[in-house]
Amino acid sequence: MEQIAKKLQKELKKDLEKVVVKAIGEINMVRSYLKKQEDKRKMNDEIKEAKNALNLASPTLEKAVKGQFGKKLTTVLEKQKENLDHF
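Heads up, the sequence shown is in the UniProt record's numbering, so the first residue is 1 and it goes up one at a time.
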């Protein structure tokens, strides 16, 4: 009778360890997902900030820098804004 109890106890312990390992794995998956979501949110915030900076700087630079270089600079800034929109 004692052997059966020990065998059942051993099986229960083994099953419990499997459940714990599975739970830890799922917790890590959720943490990873949440971190990716947070990183994505931060990236979007950074993109918005960069676009705002370009939007504020572009007209000022366009007025301050004249000639061919000014036109080229404006073109490059517009292209950068488009790149940020598609990022």
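Backbone N, C-alpha and C define an ideal beta-carbon position, used for all residues, glycine too.
Roughly how many angstroms lie between the CA atoms of residue 70 and residue 56, to the nearest whole one?
-> C-alpha separation (whole angstroms): 16 Å.
Is residue 48 near the ligand SAM, judged by its Cβ being under 6 Å from some heavy atom?
-> You won't find the ligand SAM in this model; it holds no ligand whatsoever.
Where the alpha helix (DSSP H) through residue 79 begins and ends | 67 to 86 is the extent of the alpha helix (DSSP H) around residue 79.
Is DSSP giving residue 1 helix, strand or coil here?
-> Reduced to three states, the DSSP call for residue 1 is coil.
Straight-line Cα distance separating residue 9 from residue 15 = In a straight line, the C-alpha of residue 15 is about 10 Å away from that of residue 9.
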